[in-house]
Amino acid sequence: MSVTQKWIAFRTIVVKEIRRILRIWPQTLLPPVITMSLYFVIFGKMIGSRVGEMGGVPYMQFIVPGLIMMSVITNSYSNVVSSFFSAKFTSSIEELLVSPVSKHSILMGYISGGIFRGLMIAIIVSLVAQFFTRLGVEHFFVMLFTVLGTSILFSLGGFINAVFARSFDDISIIPSFVLTPLTYLGGVFYSLENLSEFWQNVSLLNPIVYMVNSFRYGILGYSDVNVWYSMLAIFIFCIIFYVIAYRLLDNGSRLRL
Numbered sequence: 003m004s005v006t007q008k009w010i011a012f013r014t015i016v017v018k019e020i021r022r023i024l025r026i027w028p029q030t031l032l033p034p035v036i037t038m039s040l041y042f043v044i045f046g047k048m049i050g051s052r053v054g055e056m057g058g059v060p061y062m063q064f065i066v067p068g069l070i071m072m073s074v075i076t077n078s079y080s081n082v083v084s085s086f087f088s089a090k091f092t093s094s095i096e097e098l099l100v101s102p103v104s105k106h107s108i109l110m111g112y113i114s115g116g117i118f119r120g121l122m123i124a125i126i127v128s129l130v131a132q133f134f135t136r137l138g139v140e141h142f143f144v145m146l147f148t149v150l151g152t153s154i155l156f157s158l159g160g161f162i163n164a165v166f167a168r169s170f171d172d173i174s175i176i177p178s179f180v181l182t183p184l185t186y187l188g189g190v191f192y193s194l195e196n197l198s199e200f201w202q203n204v205s206l207l208n209p210i211v212y213m214v215n216s217f218r219y220g221i222l223g224y225s226d227v228n229v230w231y232s233m234l235a236i237f238i239f240c241i242i243f244y245v246i247a248y249r250l251l252d253n254g255s256r257l258r259l
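Residues 3 to 259 in our numbering are what the sequence shown lists, from first letter to last.
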């Protein structure tokens, strides 16, 4: 395929994914907004008024970057895993596999859909957060790199999960038993400084800690970890996950139920 043909194939998949997201917006865009609004009310207003400050800022401001990242992680992941597994379940993915479309075009098309949903949710949740607190941007590049890198990483994770899944139950195992615990223990609602030394060291094994703190640094200028190491780790894991996802797609043995 020529470069123009590859671009058309990629654009077609992306447009399909975006239309799917916007067509069922009550399922893809509205629930995260409602959920995050409840977090803002309960943890920010009710509990936050008693907590006071954390990390040198009001508690509401402190948790907002973490909540935005939590919504980006879950929505980027769920968009790709549900979309690709549906194509796999209906065997429509086989039409793409037998076509001359590049595997890179297929993979990047689905990943772009996850990125689009993740960024849309991040923007919407950020706008909703303005009704509860005032947010600025201290380090724009760090903020943008972190949210993009995290969205790419978990979109790839969702793709890998969809390849290995054999039923719709399988695509809910990772979010329920891996992503949710890691996210809640990823420093969204607290600073690592409030933990004992032992639990601080344990928390450093959680990769989401680095993503949340890098994004918080971009917004508030505060982080519990080294931001540059965090950004490097996100970049490296994106490359590793992309290679794994591409090889699974190129192999094709797990794409038939």
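C-beta atoms are modelled at their ideal positions from N, C-alpha and C, and glycine is treated no differently.
Between which two residues does the alpha helix (DSSP H) harbouring residue i extend?
| i | result |
| --- | --- |
| residue 122 | 105 to 131 |
| residue 97 | 95 to 100 |
| residue 69 | 61 to 91 |
| residue 164 | 142 to 166 |
| residue 255 | Premise fails: residue 255 is in no alpha helix (DSSP H) and is neither H nor E. |
| residue 40 | 32 to 41 |
| residue 183 | 182 to 186 |
| residue 24 | 5 to 25 |
Pick from the options: whose alpha carbon is nearest that of residue i?
| i | options | result |
| --- | --- | --- |
| residue 241 | 215, 155, 160 and 21 | 155 |
| residue 17 | 108, 127, 247 and 208 | 108 |
| residue 125 | 74, 89, 169 and 111 | 74 |
| residue 173 | 91, 216 and 56 | 91 |
| residue 37 | 58, 127, 226 and 78 | 127 |
| residue 147 | 179, 93 and 231 | 231 |
| residue 223 | 258, 140, 251 and 229 | 140 |
| residue 193 | 57, 39, 210 and 7 | 57 |
| residue 5 | 49, 106 and 245 | 106 |
| residue 65 | 122, 50 and 76 | 50 |
| residue 72 | 95, 121 and 97 | 121 |
| residue 262 | 167, 29, 205 and 117 | Because the chain is modelled from 3 through 259, residue 262 falls outside the range shown and cannot be assessed. |
| residue 130 | 39, 15, 229 and 24 | 39 |
| residue 76 | 153, 198, 256 and 233 | 153 |
| residue 167 | 23, 8 and 257 | 257 |
| residue 110 | 27, 82, 87 and 123 | 82 |
| residue 117 | 255, 78 and 29 | 78 |
| residue 209 | 9, 196, 200 and 229 | 229 |
Contact defined as beta carbons within less than 8 Å: I believe residue i pairs with residue j. What is the distance between those atoms, to the nearest angstrom?
| i | j | result |
| --- | --- | --- |
| residue 45 | residue 191 | 6 Å |
| residue 189 | residue 68 | 7 Å |
| residue 11 | residue 103 | 4 Å |
| residue 177 | residue 85 | In fact, because the Cβ distance is near 15 Å, the residues do not count as touching under 8 Å. |
| residue 19 | residue 138 | With a Cβ gap of about 32 Å, residue 19 and residue 138 do not count as contacting. |
| residue 47 | residue 134 | 7 Å |
| residue 158 | residue 243 | 4 Å |
| residue 70 | residue 239 | 20 Å between Cβ atoms; not a contact. |
| residue 246 | residue 162 | 6 Å |
| residue 119 | residue 182 | No, residue 119 and residue 182 are not in contact; Cβ-Cβ is about 18 Å, not under 8 Å. |
| residue 219 | residue 144 | 6 Å |
Run through the DSSP bridge pairs and tell me what residue i is partnered with.
| i | result |
| --- | --- |
| residue 55 | 60 |
Tell me whether residue i, by its Cβ, gets closer than 7 Å to a heavy atom of the ligand ZN.
| i | result |
| --- | --- |
| residue 16 | Among the ligands in the structure shown, none appear at all, so the ligand ZN cannot be discussed. |
Ignoring anything shorter than 4 residues, give me the alpha helix (DSSP H) runs that lie fully in the region 191 to 234, in order along the chain. 199 to 205 and 209 to 222
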